[in-house]
Amino acid sequence: MKTFDLKPQLFDTLKSYNKKNFMSDLMAGIIVGIVALPLAIAFGIASGVTPEKGIITAIVAGFLVSLLGGSKVQIGGPTGAFIVIIYGIIQKYGIEGLTIATIMAGVFLILFGLLKLGTIIKYIPYPIVVGFTSGIAVTIFTTQIKDLFGLTIDSVPSDFVEKWICYIQHFSTADLWCSLVGVLSVIIIAITPKFSKKIPGSLVAIIVMTIAALLLKQYAGITSIETIGDRFNVSNAIPDVQVPVMTWETIKSLVAPAMTIAVLGAIESLLSATVADGVIGDHHNSNTELVAQGVANLASPLFGGIPATGAIARTMTNINNGGRTPIAGIIHAVVLLLIFLFFMPLAKYIPMACLAGVLVIVSYGMCGWRSFVALMKNPKSDVTVLLITFFLTIIFDLTVAIEVGLIIACLLFMKRMSETTDVKVIMDEINEESDISKGNIEHLTIPEGVEVYEINGPYFFGAGNKFEEIMASFGDRPKVRIIRMRKVPFVDSTGIHNLTNLCEMSKNEGITIVLSGVSEKVHAQLQKARFYDILGEENICSHINLALERAKEIVSEK
Numbered sequence: 001m002k003t004f005d006l007k008p009q010l011f012d013t014l015k016s017y018n019k020k021n022f023m024s025d026l027m028a029g030i031i032v033g034i035v036a037l038p039l040a041i042a043f044g045i046a047s048g049v050t051p052e053k054g055i056i057t058a059i060v061a062g063f064l065v066s067l068l069g070g071s072k073v074q075i076g077g078p079t080g081a082f083i084v085i086i087y088g089i090i091q092k093y094g095i096e097g098l099t100i101a102t103i104m105a106g107v108f109l110i111l112f113g114l115l116k117l118g119t120i121i122k123y124i125p126y127p128i129v130v131g132f133t134s135g136i137a138v139t140i141f142t143t144q145i146k147d148l149f150g151l152t153i154d155s156v157p158s159d160f161v162e163k164w165i166c167y168i169q170h171f172s173t174a175d176l177w178c179s180l181v182g183v184l185s186v187i188i189i190a191i192t193p194k195f196s197k198k199i200p201g202s203l204v205a206i207i208v209m210t211i212a213a214l215l216l217k218q219y220a221g222i223t224s225i226e227t228i229g230d231r232f233n234v235s236n237a238i239p240d241v242q243v244p245v246m247t248w249e250t251i252k253s254l255v256a257p258a259m260t261i262a263v264l265g266a267i268e269s270l271l272s273a274t275v276a277d278g279v280i281g282d283h284h285n286s287n288t289e290l291v292a293q294g295v296a297n298l299a300s301p302l303f304g305g306i307p308a309t310g311a312i313a314r315t316m317t318n319i320n321n322g323g324r325t326p327i328a329g330i331i332h333a334v335v336l337l338l339i340f341l342f343f344m345p346l347a348k349y350i351p352m353a354c355l356a357g358v359l360v361i362v363s364y365g366m367c368g369w370r371s372f373v374a375l376m377k378n379p380k381s382d383v384t385v386l387l388i389t390f391f392l393t394i395i396f397d398l399t400v401a402i403e404v405g406l407i408i409a410c411l412l413f414m415k416r417m418s419e420t421t422d423v424k425v426i427m428d429e430i431n432e433e434s435d436i437s438k439g440n441i442e443h444l445t446i447p448e449g450v451e452v453y454e455i456n457g458p459y460f461f462g463a464g465n466k467f468e469e470i471m472a473s474f475g476d477r478p479k480v481r482i483i484r485m486r487k488v489p490f491v492d493s494t495g496i497h498n499l500t501n502l503c504e505m506s507k508n509e510g511i512t513i514v515l516s517g518v519s520e521k522v523h524a525q526l527q528k529a530r531f532y533d534i535l536g537e538e539n540i541c542s543h544i545n546l547a548l549e550r551a552k553e554i555v556s557e558k
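Shown next as structure tokens:
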């Protein structure tokens, strides 16, 4: 493998780096670090872990993705897409299970990059991406209803439908002040961009609502507004590196969730890098990016972090504020580290309803309802994949949704590919169009006792049975069957198997098969499969004229 294929973008950046670049990256890094702070806290809590774990993830993963990544402007960290997966893994396997699954996902991502699968992953069907992204958005929104309105519920069901039934039954317990904090947070985040594009609405909402909650508690005696400190012990201590104990049984049980983390992380990071390329006019190295994401997911859980990937919103914030090199992402991680060390204890005063408001806006941004509605106007097959992936995500989980969605998409792709291959019968005369522009059209007459079949398109497992169906519909027994393969770009093992069966059946019926116009690639595949031992080299013709002459010889001999 060539080493430059996996060279981080930072290496090239440092060669021509100057003071002007640094000042631009410094400002972008500071702003992105401030933007990432409330999101990291919210994503950590919503995932079922403590708030500091979300920030640690943003620090470790953000630093490594920028240091080793294949995109100049990618910002790594925890994202909303992982909330549902992480929460489900913790419920089933505990924190240690999440740590092991994240490490395994990191290994998978590194392998994806080393095997150069970056370009392949980007070809995952768009309806699947929209389906599970919209499903995740709906699920995130659903999980925030309790905190948004301050509902008094001892235990919230994990099932989507049961969760909403529980909310409806307990909505009378909603707290007025929590509801006001949550709704006002949503309004502040929504309207802030109209006044300032650079100041993050989520940070404004957290500052305003935290101060308001403190004033209400201090001067109005209102204590019903739950804060982070009421639910968690907030700490600014950097955790020690801890390597989890892995057993073979644990690894086997976590393969599916780890693969889900890896695939989702790969899709989101490469999608984010691709969007960034279109804005800055650059080209990222997808395989290098996957390796960097893998290293980040190996390191993050060792410090108590959660899965991470490229974050589209933070990456775009980086670009919009002047970030053009990986230095901006590294500065963003340093800014978060300083905030964590010196200001983390203040996070305990942030109202839970305010964080719920932040995630409500995040879920709205993720849902992509315009793309969803647009896809509903597409062919029924795409709509089917979209709806199945969407409903499986919200009713079951993302692992099932991705697996089933990919299987359905593959089946539909195979069906469409098979439809591109056409097998037709030429009855009496062949119009051989050698040069239509000069009017040179040769008419070739098919001798009596000869049938000519033509395959247009790849002859693979999806189209292998078409031949047998067409021949069965005729029911006659000619002396020679000519199969034209001039428009067959490739043939797979199923196609070779069907051709072999055809030759053997025809031979038993006293019918000779002659192939015409076989390309060099197909010829090599047939020869390697020892297909010509059955057919005979004399019955392989390079052109239809020679095939017809050979057919005449066979007919006269018989």
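Numbering-wise, the sequence shown is residues 1 to 558 according to full-length UniProt numbering. Glycine included, each C-beta is placed from N, C-alpha and C at the ideal position.
For residue i and residue j, I'd like the C-alpha separation in whole angstroms.
i: Lys558; j: Ile511; result: 10 Å
i: Ile75; j: Ser253; result: 31 Å
i: Cys354; j: Ala266; result: 30 Å
i: Asn297; j: Ala308; result: 6 Å
i: Ile441; j: Ala529; result: Residue placement at Ile441 is poorly supported in this model, since its pLDDT is 43, which falls under 50; the coordinates still yield a value, given next. If you take the alpha carbons of Ile441 and Ala529, they lie about 36 Å apart.
i: Val129; j: Phe343; result: 37 Å
i: Glu553; j: Lys377; result: 57 Å
i: residue 627; j: Met104; result: Outside the shown range of the chain, which is 1 to 558, sits residue 627, and nothing can be said about it.
i: Met316; j: Ala276; result: 7 Å
i: Lys487; j: Lys415; result: 20 Å
i: Ile41; j: Pro78; result: 9 Å
i: Asp422; j: Ile483; result: 13 Å
i: Val400; j: Leu392; result: 7 Å
i: Phe132; j: Leu184; result: 29 Å
i: Tyr17; j: His332; result: 18 Å
i: Ala101; j: Asp154; result: 29 Å
i: Thr142; j: Gly278; result: 33 Å
i: Phe11; j: Pro326; result: 10 Å
According to DSSP, which residues form a beta bridge with residue i?
i: Arg530; result: According to DSSP, which records beta bridges pairwise, Arg530 is partnered with nothing at all.
i: Leu270; result: DSSP, once it has assigned bridges, lists no residue as partnering Leu270.
i: Gly76; result: Gly310
i: Val425; result: Tyr453
i: Ser514; result: A small fix is needed here, since residue 514 is Val in this sequence, not Ser. In DSSP, Val514 forms a bridge with Ile482.
i: Cys354; result: Beta-bridge pairing links Cys354 to no other residue.
i: Lys348; result: DSSP output for Lys348 lists no bridge partner at all.
i: Tyr459; result: Val491
i: Thr227; result: Pro351
i: Cys541; result: Ser516
Residues in its own chain within less than 6 Å of residue i by CB, not counting five upstream and five downstream?
i: Glu451; result: Pro478, Arg481
i: Gly48; result: Tyr87, Ile90
i: Asn239; result: Here the sequence assigns Pro to residue 239, which means Asn is not the residue at that position. Excluding residues within five positions, the ones whose Cβ falls inside 6 Å are Phe303, Gly304.
i: Thr139; result: Val84, Ile394
i: Gln525; result: Val491
Is it right to say residue i is buried, meaning 16 or more other beta carbons lie within 10 angstroms of its own, or is it exposed?
i: Cys503; result: buried
i: Cys367; result: buried
i: Glu268; result: buried
i: Val181; result: buried
i: Lys194; result: exposed
i: Pro257; result: buried
i: Lys72; result: buried
i: Lys424; result: exposed
i: Arg370; result: exposed
So, is the C-beta of residue i closer than 8 Å to a C-beta in chain D?
i: Glu557; result: No chain D is part of this structure, which consists of one protein chain only.
Considering only residues of the same chain and omitting the five flanking positions on each side of residue i, which have a CB-CB separation below 7 Å?
i: Ile388; result: Val404, Gly405, Ile408
i: Val555; result: Pro447, Gly449, Val450, Lys479, Val480
i: Asp382; result: Pro127, Leu375
i: Leu270; result: Gly118, Ile121, Lys122, Ser286, Glu289
i: Thr420; result: Gly457
Are residue i and residue j touching if we call contact CB-CB under 8 Å?
i: residue 568; j: Asn287; result: Here the chain has residues from 1 to 558 only, and residue 568 is not among them.
i: Thr210; j: Tyr349; result: yes
i: Ile59; j: Leu346; result: no
i: Gly323; j: Ser272; result: no
i: Gly29; j: Val335; result: yes
i: Pro38; j: Ser235; result: no
i: Ile199; j: Val358; result: no
i: Gly329; j: Gly106; result: no
i: Val291; j: Leu67; result: no
i: Val373; j: Pro125; result: no
i: Arg314; j: Ala36; result: yes
i: Ile544; j: Ser506; result: no
i: Val518; j: Gln293; result: no
i: Asn32; j: Asn318; result: Just to set this straight, residue 32 is Val in the shown sequence, not Asn. In contact: Val32 and Asn318 (Cβ atoms closer than 8 Å).
i: Leu398; j: Thr260; result: yes
Which residues in the same chain have their Cβ closer than 8 Å to the Cβ of residue i, if we skip the five residues on either side of it in sequence?
i: Asp147; result: Cys178, Gly182, Glu226, Met352, Ala353, Leu355, Ala356
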